[in-house]
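S.K.: If you're matching positions, the sequence shown starts at 0 in numbering that gives the first Met the number 0 and goes up one per residue. Dropping the structure in here first, questions after.
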Amino acid sequence: MTDTTQASPPQGFSNVRRTRFWQRGFLASQSAYVLAALIVLIVFMSFASPNFLTAGNVGNIVRNFSFIAIATLGITLVIITGGIDLSVGSTIALTATVTSLTMAGLSQAAFHPFPGFALIVSIAAGLAVAALIGFGNGVAIAKLKLSPFVTTLGTLSIVRGLTYVATYGRGTSPTGPDKDLFLAITSGHVAGIPIGFIYLILIAVIMWIVLNHTAWGRHVYAIGGNEAAGRLTGVPVDRVKIQVYVLCALGAGINGIIISGWLGSAPANLATGYELTIIAAAVIGGANLAGGIGGAAGAIIGCVLIEVIRNGLVLARVDPYWQQTLVGCIIVAAVLVDRFRSLRNG
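Here is the structure:
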(Lines of atoms letter the chains of each structure in order from A and count residues from 1; the text may use other names and numbers.)
(Lines give C-alpha, C1' and ligand atoms only; values in the text may rest on other atoms or scores of the structure.)
Protein backbone atom coordinates (compact mmCIF):
# COMPACT_ATOMS: atom_id res chain seq x y z
CA MET A 1 0.00 0.00 0.00
CA THR A 2 1.38 3.39 -0.96
CA ASP A 3 1.34 6.30 1.45
CA THR A 4 -0.66 9.08 -0.15
CA THR A 5 -0.39 11.41 2.82
CA GLN A 6 2.73 13.16 1.54
CA ALA A 7 1.33 13.49 -1.98
CA SER A 8 -1.94 15.05 -0.95
CA PRO A 9 -2.02 18.84 -1.30
CA PRO A 10 -2.55 20.75 1.93
CA GLN A 11 -6.17 21.52 2.57
CA GLY A 12 -7.29 24.87 3.94
CA PHE A 13 -9.92 25.35 6.58
CA SER A 14 -12.91 26.91 4.92
CA ASN A 15 -14.54 27.65 8.27
CA VAL A 16 -11.71 29.91 9.43
CA ARG A 17 -12.31 33.55 8.56
CA ARG A 18 -9.38 35.64 7.39
CA THR A 19 -8.75 38.70 9.54
CA ARG A 20 -8.89 41.83 7.41
CA PHE A 21 -6.43 44.64 7.94
CA TRP A 22 -9.04 46.93 9.53
CA GLN A 23 -9.80 44.24 12.11
CA ARG A 24 -6.27 44.15 13.50
CA GLY A 25 -4.19 46.39 15.76
CA PHE A 26 -5.05 50.05 16.22
CA LEU A 27 -7.66 50.01 13.43
CA ALA A 28 -9.70 47.47 15.38
CA SER A 29 -9.66 49.51 18.60
CA GLN A 30 -12.19 51.96 19.90
CA SER A 31 -9.56 54.69 19.57
CA ALA A 32 -9.69 54.28 15.79
CA TYR A 33 -13.46 54.79 15.74
CA VAL A 34 -13.12 57.88 17.92
CA LEU A 35 -10.31 59.23 15.71
CA ALA A 36 -12.53 58.78 12.66
CA ALA A 37 -15.35 60.63 14.42
CA LEU A 38 -12.90 63.38 15.40
CA ILE A 39 -11.77 63.84 11.78
CA VAL A 40 -15.37 64.03 10.59
CA LEU A 41 -16.15 66.57 13.32
CA ILE A 42 -13.13 68.72 12.41
CA VAL A 43 -14.13 68.72 8.74
CA PHE A 44 -17.70 69.65 9.66
CA MET A 45 -16.59 72.45 12.00
CA SER A 46 -14.21 73.86 9.37
CA PHE A 47 -17.20 74.34 7.05
CA ALA A 48 -19.59 75.44 9.79
CA SER A 49 -17.31 78.17 11.16
CA PRO A 50 -14.63 80.06 9.20
CA ASN A 51 -12.84 80.77 12.49
CA PHE A 52 -12.40 77.14 13.48
CA LEU A 53 -9.14 76.39 11.60
CA THR A 54 -7.54 79.78 12.14
CA ALA A 55 -4.11 79.73 13.75
CA GLY A 56 -5.39 81.44 16.89
CA ASN A 57 -8.26 79.01 17.43
CA VAL A 58 -6.13 75.92 16.74
CA GLY A 59 -3.63 77.26 19.26
CA ASN A 60 -6.41 77.64 21.81
CA ILE A 61 -7.56 74.06 21.24
CA VAL A 62 -4.03 72.68 21.58
CA ARG A 63 -3.39 74.66 24.77
CA ASN A 64 -6.75 73.88 26.38
CA PHE A 65 -6.77 70.13 25.86
CA SER A 66 -3.19 69.99 27.14
CA PHE A 67 -4.54 71.25 30.49
CA ILE A 68 -6.17 67.86 31.12
CA ALA A 69 -4.33 65.51 28.78
CA ILE A 70 -1.33 64.74 31.01
CA ALA A 71 -3.69 63.89 33.87
CA THR A 72 -5.69 61.76 31.41
CA LEU A 73 -2.55 59.77 30.57
CA GLY A 74 -2.09 59.10 34.27
CA ILE A 75 -5.65 58.03 34.93
CA THR A 76 -5.54 55.80 31.84
CA LEU A 77 -2.84 53.78 33.61
CA VAL A 78 -5.12 53.41 36.61
CA ILE A 79 -8.10 52.39 34.47
CA ILE A 80 -6.00 49.79 32.63
CA THR A 81 -5.41 48.09 35.98
CA GLY A 82 -9.15 48.07 36.62
CA GLY A 83 -9.06 50.96 39.09
CA ILE A 84 -10.33 54.53 39.19
CA ASP A 85 -9.09 57.81 40.68
CA LEU A 86 -11.66 60.47 41.49
CA SER A 87 -9.15 62.69 43.28
CA VAL A 88 -7.24 63.99 40.24
CA GLY A 89 -9.05 67.34 40.17
CA SER A 90 -8.29 68.01 43.84
CA THR A 91 -4.70 66.87 43.32
CA ILE A 92 -4.36 69.42 40.51
CA ALA A 93 -5.52 72.16 42.87
CA LEU A 94 -3.37 71.21 45.86
CA THR A 95 -0.23 70.75 43.76
CA ALA A 96 -0.67 74.19 42.19
CA THR A 97 -1.34 75.70 45.62
CA VAL A 98 1.71 74.12 47.28
CA THR A 99 3.93 75.21 44.39
CA SER A 100 2.72 78.82 44.63
CA LEU A 101 2.89 78.91 48.44
CA THR A 102 6.45 77.57 48.38
CA MET A 103 7.53 80.21 45.87
CA ALA A 104 5.89 82.92 47.96
CA GLY A 105 7.45 81.61 51.18
CA LEU A 106 10.96 81.52 49.74
CA SER A 107 10.46 85.02 48.36
CA GLN A 108 9.40 86.38 51.74
CA ALA A 109 12.37 84.68 53.39
CA ALA A 110 14.64 86.17 50.69
CA PHE A 111 16.23 82.75 50.37
CA HIS A 112 17.36 82.19 46.81
CA PRO A 113 21.03 81.11 46.72
CA PHE A 114 21.14 80.95 42.93
CA PRO A 115 18.80 81.74 40.01
CA GLY A 116 16.19 79.03 39.63
CA PHE A 117 16.53 77.72 43.20
CA ALA A 118 13.03 78.80 44.24
CA LEU A 119 11.58 77.38 41.03
CA ILE A 120 13.20 73.97 41.51
CA VAL A 121 12.26 73.70 45.18
CA SER A 122 8.69 74.88 44.59
CA ILE A 123 7.97 72.48 41.74
CA ALA A 124 9.62 69.65 43.68
CA ALA A 125 7.43 70.44 46.71
CA GLY A 126 4.27 70.46 44.60
CA LEU A 127 5.08 67.17 42.87
CA ALA A 128 6.12 65.59 46.19
CA VAL A 129 2.67 66.38 47.60
CA ALA A 130 1.05 64.89 44.47
CA ALA A 131 3.17 61.73 44.79
CA LEU A 132 2.22 61.43 48.45
CA ILE A 133 -1.48 61.61 47.54
CA GLY A 134 -1.02 58.90 44.91
CA PHE A 135 1.00 56.76 47.31
CA GLY A 136 -1.75 57.00 49.92
CA ASN A 137 -4.37 55.97 47.38
CA GLY A 138 -2.21 53.11 46.14
CA VAL A 139 -1.46 51.69 49.57
CA ALA A 140 -5.10 51.89 50.65
CA ILE A 141 -6.25 50.11 47.49
CA ALA A 142 -3.41 47.59 46.99
CA LYS A 143 -2.50 46.72 50.58
CA LEU A 144 -5.70 47.40 52.53
CA LYS A 145 -7.91 46.13 49.66
CA LEU A 146 -10.23 49.13 49.85
CA SER A 147 -12.53 50.00 46.95
CA PRO A 148 -10.81 52.35 44.48
CA PHE A 149 -14.04 54.30 43.98
CA VAL A 150 -14.71 54.89 47.68
CA THR A 151 -11.06 55.48 48.55
CA THR A 152 -10.42 58.11 45.91
CA LEU A 153 -13.81 59.72 46.55
CA GLY A 154 -12.69 60.23 50.13
CA THR A 155 -9.31 61.51 48.95
CA LEU A 156 -11.08 63.98 46.67
CA SER A 157 -12.78 65.56 49.69
CA ILE A 158 -9.68 65.42 51.92
CA VAL A 159 -7.35 67.01 49.36
CA ARG A 160 -9.84 69.70 48.35
CA GLY A 161 -10.36 70.51 52.02
CA LEU A 162 -6.60 70.81 52.57
CA THR A 163 -6.43 73.20 49.62
CA TYR A 164 -9.02 75.47 51.24
CA VAL A 165 -7.31 75.18 54.64
CA ALA A 166 -3.94 76.17 53.16
CA THR A 167 -5.35 79.19 51.34
CA TYR A 168 -8.40 80.13 53.44
CA GLY A 169 -10.27 79.89 50.16
CA ARG A 170 -8.48 82.87 48.64
CA GLY A 171 -6.05 81.24 46.26
CA THR A 172 -2.36 82.01 45.79
CA SER A 173 -0.02 83.36 43.12
CA PRO A 174 3.57 82.47 42.20
CA THR A 175 5.89 85.29 43.22
CA GLY A 176 9.57 85.92 43.75
CA PRO A 177 12.69 86.26 41.61
CA ASP A 178 11.88 83.11 39.61
CA LYS A 179 8.33 84.07 38.72
CA ASP A 180 9.14 84.97 35.12
CA LEU A 181 11.03 81.70 34.65
CA PHE A 182 8.10 79.80 36.14
CA LEU A 183 5.67 81.45 33.74
CA ALA A 184 8.02 80.76 30.81
CA ILE A 185 8.23 77.02 31.45
CA THR A 186 4.50 76.61 32.14
CA SER A 187 2.72 79.01 29.82
CA GLY A 188 5.38 79.90 27.27
CA HIS A 189 5.74 78.80 23.63
CA VAL A 190 8.47 77.04 21.66
CA ALA A 191 8.41 77.87 17.95
CA GLY A 192 4.80 78.97 18.38
CA ILE A 193 3.78 75.70 20.05
CA PRO A 194 2.39 75.86 23.64
CA ILE A 195 5.01 74.36 25.92
CA GLY A 196 2.33 72.34 27.73
CA PHE A 197 1.65 70.48 24.49
CA ILE A 198 5.36 69.65 24.14
CA TYR A 199 5.37 68.20 27.67
CA LEU A 200 2.29 66.17 26.75
CA ILE A 201 3.86 64.63 23.64
CA LEU A 202 7.07 63.74 25.48
CA ILE A 203 5.17 62.06 28.32
CA ALA A 204 2.83 60.27 25.88
CA VAL A 205 5.78 58.85 23.91
CA ILE A 206 7.43 57.62 27.11
CA MET A 207 4.14 56.06 28.26
CA TRP A 208 3.65 54.32 24.89
CA ILE A 209 7.16 52.85 24.99
CA VAL A 210 6.81 51.70 28.60
CA LEU A 211 3.38 50.10 28.10
CA ASN A 212 4.28 48.31 24.88
CA HIS A 213 7.95 47.45 25.24
CA THR A 214 8.68 46.80 28.91
CA ALA A 215 7.86 44.10 31.43
CA TRP A 216 6.29 46.73 33.69
CA GLY A 217 3.84 47.65 30.92
CA ARG A 218 2.89 44.01 30.46
CA HIS A 219 2.30 43.76 34.19
CA VAL A 220 -0.08 46.74 34.08
CA TYR A 221 -2.17 45.09 31.37
CA ALA A 222 -1.99 41.72 33.13
CA ILE A 223 -3.44 43.18 36.34
CA GLY A 224 -6.35 44.69 34.47
CA GLY A 225 -6.93 41.57 32.39
CA ASN A 226 -6.92 39.07 35.26
CA GLU A 227 -5.40 40.11 38.57
CA ALA A 228 -5.60 36.64 40.14
CA ALA A 229 -3.84 35.06 37.17
CA GLY A 230 -1.25 37.81 37.29
CA ARG A 231 -0.43 37.00 40.92
CA LEU A 232 -0.05 33.31 40.07
CA THR A 233 2.40 34.12 37.27
CA GLY A 234 4.59 36.25 39.52
CA VAL A 235 3.36 39.76 38.71
CA PRO A 236 4.06 42.08 41.69
CA VAL A 237 0.46 43.26 41.73
CA ASP A 238 0.52 45.41 44.87
CA ARG A 239 3.73 47.19 43.93
CA VAL A 240 2.58 47.94 40.38
CA LYS A 241 -0.78 49.23 41.62
CA ILE A 242 0.90 51.64 44.03
CA GLN A 243 3.23 52.84 41.28
CA VAL A 244 0.32 53.39 38.92
CA TYR A 245 -1.56 55.55 41.43
CA VAL A 246 1.59 57.56 42.16
CA LEU A 247 2.09 58.17 38.42
CA CYS A 248 -1.56 59.17 38.06
CA ALA A 249 -1.22 61.74 40.85
CA LEU A 250 2.04 63.05 39.38
CA GLY A 251 0.30 63.52 36.02
CA ALA A 252 -2.41 65.53 37.75
CA GLY A 253 0.26 67.51 39.61
CA ILE A 254 2.09 68.41 36.40
CA ASN A 255 -1.18 69.62 34.89
CA GLY A 256 -1.86 71.68 38.02
CA ILE A 257 1.49 73.44 37.76
CA ILE A 258 0.96 74.15 34.05
CA ILE A 259 -2.54 75.55 34.62
CA SER A 260 -1.39 77.79 37.48
CA GLY A 261 1.34 79.16 35.24
CA TRP A 262 -1.12 79.98 32.48
CA LEU A 263 -3.58 81.59 34.92
CA GLY A 264 -0.81 83.34 36.84
CA SER A 265 -2.42 82.09 40.06
CA ALA A 266 -3.74 79.00 41.82
CA PRO A 267 -7.39 79.55 42.82
CA ALA A 268 -8.61 77.40 45.70
CA ASN A 269 -11.39 76.03 43.49
CA LEU A 270 -9.03 75.20 40.64
CA ALA A 271 -9.99 72.11 38.61
CA THR A 272 -13.28 71.55 40.42
CA GLY A 273 -15.10 68.85 38.47
CA TYR A 274 -12.09 68.12 36.26
CA GLU A 275 -12.04 64.50 37.37
CA LEU A 276 -15.24 63.85 35.39
CA THR A 277 -13.80 65.33 32.20
CA ILE A 278 -10.50 63.49 32.65
CA ILE A 279 -12.17 60.13 33.20
CA ALA A 280 -14.53 60.82 30.29
CA ALA A 281 -11.60 61.55 27.96
CA ALA A 282 -9.88 58.29 28.94
CA VAL A 283 -13.05 56.24 28.43
CA ILE A 284 -13.91 57.94 25.15
CA GLY A 285 -10.35 57.24 23.99
CA GLY A 286 -10.79 53.51 24.50
CA ALA A 287 -9.81 52.78 28.10
CA ASN A 288 -12.11 50.06 29.44
CA LEU A 289 -13.36 50.63 32.99
CA ALA A 290 -13.27 46.85 33.47
CA GLY A 291 -9.49 47.00 32.98
CA GLY A 292 -6.97 45.54 30.57
CA ILE A 293 -7.49 47.98 27.68
CA GLY A 294 -6.21 51.51 27.06
CA GLY A 295 -3.24 53.49 25.82
CA ALA A 296 -1.59 56.87 25.40
CA ALA A 297 -2.89 57.55 21.88
CA GLY A 298 -6.49 56.91 22.88
CA ALA A 299 -6.20 59.19 25.90
CA ILE A 300 -4.99 62.09 23.75
CA ILE A 301 -7.65 61.46 21.09
CA GLY A 302 -10.35 61.53 23.76
CA CYS A 303 -9.05 64.84 25.14
CA VAL A 304 -8.92 66.40 21.67
CA LEU A 305 -12.46 65.26 20.87
CA ILE A 306 -13.88 66.81 24.05
CA GLU A 307 -12.04 70.08 23.46
CA VAL A 308 -13.09 70.27 19.79
CA ILE A 309 -16.72 69.81 20.86
CA ARG A 310 -16.38 72.47 23.56
CA ASN A 311 -14.68 74.85 21.16
CA GLY A 312 -17.30 74.20 18.49
CA LEU A 313 -20.09 74.99 20.94
CA VAL A 314 -18.41 78.28 21.81
CA LEU A 315 -18.00 79.25 18.15
CA ALA A 316 -21.62 78.28 17.46
CA ARG A 317 -22.73 80.39 20.46
CA VAL A 318 -24.47 77.38 21.99
CA ASP A 319 -25.31 77.51 25.70
CA PRO A 320 -22.14 76.20 27.43
CA TYR A 321 -24.25 74.15 29.83
CA TRP A 322 -24.93 71.77 26.95
CA GLN A 323 -21.27 70.75 26.96
CA GLN A 324 -21.62 68.33 29.88
CA THR A 325 -24.72 66.80 28.32
CA LEU A 326 -22.94 66.17 25.03
CA VAL A 327 -19.88 64.72 26.76
CA GLY A 328 -22.15 62.30 28.62
CA CYS A 329 -23.82 61.27 25.36
CA ILE A 330 -20.43 60.68 23.76
CA ILE A 331 -19.34 58.47 26.67
CA VAL A 332 -22.46 56.33 26.33
CA ALA A 333 -21.99 56.16 22.55
CA ALA A 334 -18.33 55.17 22.96
CA VAL A 335 -19.23 52.38 25.37
CA LEU A 336 -21.97 51.15 23.02
CA VAL A 337 -19.62 51.11 20.03
CA ASP A 338 -17.03 49.17 22.02
CA ARG A 339 -19.71 46.72 23.17
CA PHE A 340 -21.02 46.11 19.65
CA ARG A 341 -17.47 45.71 18.36
CA SER A 342 -16.69 43.16 21.07
CA LEU A 343 -19.83 41.17 20.30
CA ARG A 344 -19.07 41.18 16.56
CA ASN A 345 -15.47 40.11 17.02
CA GLY A 346 -16.45 37.56 19.63
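All C-beta atoms in this analysis are idealised placements derived from N, C-alpha and C, irrespective of residue type, glycine included. As the structure is a computational prediction, the values presented were derived from the model and not from experiment.
With I256 and G125 assumed to form a contact (beta carbons below 8 angstroms), what rounded beta-carbon distance in angstroms separates them?
M.R.: With a Cβ gap of about 6 angstroms, I256 and G125 count as contacting.
S.K.: With burial defined as no fewer than 16 other Cβ atoms inside 10 Å of the residue's Cβ, what is the status of S146: buried or exposed?
M.R.: The residue is exposed, with fewer than 16 neighbouring Cβ atoms inside 10 Å.
S.K.: Cα separation between G252 and T90?
M.R.: Going by the C-alpha atoms only, they are around 6 angstroms apart.
S.K.: Pull up the distance between the alpha-carbon of G105 and that of A117, whole angstroms please.
M.R.: Note that residue 105 corresponds to Leu in the displayed sequence, not to Gly. Distance between the alpha carbons of L105 and A117: 6 angstroms.
S.K.: Hey, is the region 292-310 in contact with the region 32-43, meaning 3+ C-beta pairs nearer than 8 angstroms?
M.R.: Flag = yes, the region 292-310 and the region 32-43 touch.
S.K.: T171 bridges to which residues according to DSSP?
M.R.: Paired residue(s): A265.
S.K.: Apply the 10 Å Cβ neighbour rule to C328 and answer buried if 16 or more other Cβ atoms are within range, or exposed otherwise.
M.R.: So C328 counts as exposed.
S.K.: Looking at L288 and I78, is the spacing between their C-beta atoms short of 8 angstroms?
M.R.: Contact flag set, yes.
S.K.: So for V359, helix, strand or coil by DSSP?
M.R.: Because the chain here runs from 0 to 345, residue 359 falls outside it and cannot be looked at.
S.K.: Using 8 angstroms as the cut-off, can you tell me whether the region 107-121 makes contact with the region 162-178, which would need three or more C-beta pairs spanning the two stretches below that distance?
M.R.: Judged by Cβ distances under 8 angstroms, the region 107-121 makes contact with the region 162-178, as three or more pairs qualify.
S.K.: If you check the beta carbons only, do T101 and T162 fall under 8 angstroms apart?
M.R.: No. Outside cutoff.
S.K.: Note down, in chain order, each residue of its chain lying with its Cβ closer than 8 angstroms to the Cβ of F66, except the 5 sequence neighbours on either side.
M.R.: Cβ neighbours of F66 beyond the five flanking positions: G195, N254, I257, I258 and W261.
S.K.: By a C-beta neighbour count over all protein chains shown, 10 Å radius and 16 as the cutoff for buried, is F339 buried or exposed?
M.R.: Burial call: exposed.
S.K.: For the alpha helix (DSSP H) that contains Y320, what are its first and last residues?
M.R.: Element bounds for Y320: n/a, residue is neither H nor E.
S.K.: Any chance the region 231-243 sits against the region 130-140, with 3 or more Cβ pairs inside 8 angstroms?
M.R.: Cβ pair count under 8 angstroms is three or more, so yes.
S.K.: Excluding the five sequence neighbours on either side, which residues of its own chain have a C-beta within less than 6 angstroms of the C-beta of S362, listed in chain order?
M.R.: As shown, the chain starts at 0 and ends at 345. That puts residue 362 outside it, with no answer to give.
S.K.: Given a cut-off of 8 angstroms, decide if L85 and C247 are closer than it, judged by their beta-carbon atoms.
M.R.: For C247 and L85, no; Cβs fall outside 8 angstroms.
S.K.: According to DSSP, which residues form a beta bridge with H188?
M.R.: The partner list for H188 (beta bridge, DSSP) reads P193.
S.K.: Between the alpha carbons of Q242 and N56, how many angstroms are there, rounded?
M.R.: Rounded to whole angstroms, Q242 to N56 spans 37 angstroms at the Cα level.
S.K.: Please report the distance separating the alpha-carbon of Y361 from that of G229.
M.R.: The structure shown has nothing for residue 361, since the chain only spans 0 to 345.
S.K.: If I measure Cβ to Cβ from V282 and keep anything under 8 angstroms in the same chain, skipping five residues before and after, which residues do I get?
M.R.: If we look at V282 and ignore the five residues flanking it on each side, its Cβ neighbours are I78, L288, G301, I330, A333 and V334.
S.K.: Whole angstroms is fine: what's the gap from V245's alpha carbon to T154's?
M.R.: Their Cα atoms are separated by approximately 13 angstroms.
S.K.: What does the alpha-carbon distance come out to for the pair T151 and I83?
M.R.: One C-alpha to the other measures close to 8 angstroms.
S.K.: For my contact list, L72 and A279 are in at a C-beta cut-off of 8 angstroms; report their separation, rounded to the angstrom.
M.R.: In fact, because the Cβ distance is near 14 angstroms, the residues do not count as touching under 8 angstroms.
S.K.: Identify whether I330 lies in helix, strand or coil by the three-state DSSP scheme.
M.R.: Of the three classes helix, strand and coil, the one that applies to I330 here is helix, per DSSP.
S.K.: Quick check on DSSP: helix, strand or coil for H111?
M.R.: Three-state result, H111: coil.
S.K.: Quick one: which unbroken alpha helix (DSSP H) runs of 4-plus residues sit fully inside the region 198-283? Chain order, please.
M.R.: Complete alpha helix (DSSP H) runs here, min 4: 214-224, 226-231, 236-262 and 273-283.
S.K.: Label Y320 either buried or exposed according to how many other C-beta atoms from any shown protein chain fall within 10 Å of its C-beta, with 16 as the threshold for buried.
M.R.: So Y320 ends up on the exposed side.
S.K.: Flag A265 as yes when its Cβ comes closer than 7 angstroms to any non-hydrogen atom of the ligand MN, and as no otherwise.
M.R.: Because no ligand of any kind appears in the structure shown, any question about the ligand MN cannot be addressed here.
S.K.: Touch check for the region 44-64 and the region 212-225: three-plus C-beta pairs under 8 angstroms?
M.R.: Short answer: they don't touch.
S.K.: If V120 and T94 are in contact, beta carbons under 8 angstroms, what's the gap, nearest whole angstrom?
M.R.: At roughly 14 angstroms, the Cβ-Cβ gap does not stay under 8 angstroms, so V120 and T94 are not in contact.
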